[in-house]
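Everything on this sheet refers to the single structure shown next.
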Amino acid sequence: MECRAVISLLSDYLDDQEVWLSESDVRDITTHLGKCSKCWNVKQELDEIRVAARELPLHTPSRAVWTRISNIVEVEVPTSKRPTRVEAPDLNRWAWIKSHKFTFNLPQLAGAAAVALALLVFGVINHSNPAENRFDPAGATTAFVLPDEDQIKAELTRRLDAINARKSKWDPQMREEFERHLKMIEDSLQHSRVLLDSNPADKVQQEMVLSLYQEKRQLLDDVERLKW
Amino acid sequence: MSANVTNNTVTDFDLAQASARGDMAAFEMLYDRHNRRVYSLCLRMVSNVTEAEDLTQEVFVQLFRKISSFRGESAFTTWLHRLTVNLVLMHFRKRGVRLERTTEEGEIGDIQDNFRSAGERPRFVDRIALDKAISELPPGYRTVFVLHDVEGFEHAEVADLLGISVGTSKSQLHKARLRLRELLNKKYD
């Protein structure tokens, strides 16, 4: 067998020679390599390339790649599965109360409301100093404003207006997910606000309202960070 | 899941299942385990850091979206490997990268000129030089070489992935190796 023919078959010879070459070809090539140092050299170098290719070092992407990936996929995790960012154990109590309220029929609603109010009062007693309870019956229907609440609301309204202005260009699925999450926060906020207005001294509800503002802020942060 | 996870004790399958349930810590652990292999494959196929990082990002985002469909019938690494290759090849198609089509014979070139006597020959392949030489291959040769020699796909698999015949895959691999040999020999000239 000539050098040209041998060299053209060297990859088959090195890889699965039983698969790609006949026994006589393998014999001829082996014989030739035993006599031809040039071809033997080529065979050795191709073999080293083959072996080295399996041992190439791994490269590492920049850390920014993971940041981008996590930003994208975290938004796609359904909110029911998403761990809460803010410690809000009272949110669970609120969710329990809300879900059970809706199961009551009309005649039972007053009783359920009384139970809910009793639980809230109990929570207030457990969490606050009785001396600080300054429930003012005359002010029961006046909206109670938390410290800095006006600035918080103004900031969130401004940011939400900017997002709403460009929302029509979003992917419909993303828009729906954003609106669903926003509605959940705003419904909870509205309800907590009603409870807080009826008892401004309720520190549990004060914390609840502030937590929900923070939740809303986190949602808007996520959208702005992704530059939607 | 998160509370029980330590890096060495939990399987890829368990992490995949946890990720499918929205456990981001589990997904990050999957990323930590496999990102280098994915990135290295992308980088060697496209020879461009920015493109390789973008492709790596796309692989893991797609992985997250499809992870609930991973049933564990194959090894997770095999599944991820195929996903990566498919995305890179799709990227080539979108960019209009033409992979070389050659006959099964092809040309061998003047091999004899690159002779160094066996007795004088130092270790021929420096891995860093090989990595660089791979990046200098034409896209078609590079793709076949990376898939077969670096990533370990069989010719039948390479042919299936690229839509070519087994004979063409073998021919392109041989030419890629010869070309790499030339490039590496120039380094020593």
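Protein chains in written order, with the working numbering: chain V, 1 to 228; chain U, 1001 to 1189.
Each residue gets a CB set at the ideal place from its N, CA and C atoms; glycine is no exception.
Here residue 32(V) carries a helix assignment [DSSP, helix/strand/coil]. A direct Cα-Cα distance of roughly 13 Å separates residue 1138(U) from residue 1132(U). Contacts between residue 1040(U) and chain V, judged by CB atoms closer than 7 Å, involve 58 and 59 in chain order. In this chain, the alpha helix (DSSP H) harbouring residue 1035(U) covers 1024-1046. A straight-line Cα-Cα distance of about 13 Å links residue 213(V) and residue 145(V). Residue contact with chain U for residue 170(V): absent (no Cβ-Cβ distance below 8 Å to any residue of chain U). At a cut-off of 8 Å, the C-beta of residue 1081(U) has no neighbouring C-beta in chain V.
By the beta-carbon neighbour count (other beta carbons within 10 angstroms, threshold 16), residue 15(V) is buried. With at least 16 other beta carbons inside 10 angstroms of its own, residue 7(V) counts as buried. Between residue 221(V) and chain U, the shortest Cβ-Cβ separation is not below 8 Å.
Between residue 73(V) and chain U, the shortest Cβ-Cβ separation is below 8 Å. Boundaries cannot be given for residue 168(V), as no alpha helix (DSSP H) includes it and DSSP labels it neither H nor E. In the structure shown, the three-state DSSP call for residue 54(V) is coil. Using a C-beta cut-off of 8 Å, the stretch 60-70 of chain V makes contact with the stretch 1054-1061 of chain U, since at least three inter-stretch Cβ pairs fall below that distance. In the structure shown, residue 1130(U) falls within a helical segment according to DSSP collapsed to helix, strand and coil.
For residue 1069(U), there is no enclosing alpha helix (DSSP H), as DSSP marks it with neither H nor E.
Residue 12(V) and residue 1177(U) have their C-alpha atoms spaced approximately 12 Å apart. In this structure, the straight-line span from the alpha carbon of residue 10(V) to that of residue 36(V) is close to 14 Å.
Residues of chain V with a Cβ closer than 8 Å to the Cβ of residue 1153(U) do not exist, since the nearest Cβ in that chain sits about 12 Å away.
Residue-level contact by beta carbon holds for residue 1056(U) and chain V, with a gap shorter than 8 Å. Counted as a single uninterrupted DSSP element, the stretch harbouring residue 199(V) is not any alpha helix (DSSP H), since DSSP gives it neither H nor E. Secondary structure at residue 146(V): coil, using DSSP grouped into helix, strand and coil.
With a beta-carbon spacing of about 7 Å, residue 1151(U) and residue 1081(U) fall inside the 8 Å limit used to define contacts. Closer than 8 Å at the C-beta level to chain V, one finds these residues of the stretch 1170-1181 of chain U: 1170, 1173, 1174, 1177, 1178, 1180 and 1181. Nearest CB-CB separation between residue 1130(U) and chain V: below the 8 Å threshold. Per the coordinates, the alpha-carbon of residue 1075(U) lies some 43 Å from the alpha-carbon of residue 38(V). In this structure, DSSP gives residue 152(V) a helical state, which the three-state scheme calls helix. Approximately 24 Å separates the beta-carbon atoms of residue 1134(U) and residue 1033(U); this is outside 8 Å, ruling out the contact. Ranked by Cα distance from residue 185(V), the options 197(V), 33(V) and 220(V) are led by 220(V).
Rounded to the nearest whole angstrom, the CA to CA distance from residue 217(V) to residue 156(V) is 7 Å. Residues of chain V with a Cβ closer than 8 Å to the Cβ of residue 1031(U) are, in chain order, 66 and 69. Residue contact with chain U for residue 12(V): present (Cβ-Cβ distance below 8 Å to some residue of chain U). Using a Cβ-Cβ cut-off of 8 Å, residue 1088(U) does not count as an interface residue toward chain V, since no Cβ of chain V sits closer than that to its own. Under the Cβ distance rule, residue 77(V) counts among the residues neighbouring chain U, one pair being separated by less than 8 Å. Residues of chain V with a Cβ closer than 9 Å to the Cβ of residue 1162(U) do not exist; the shortest Cβ-Cβ separation is about 17 Å.
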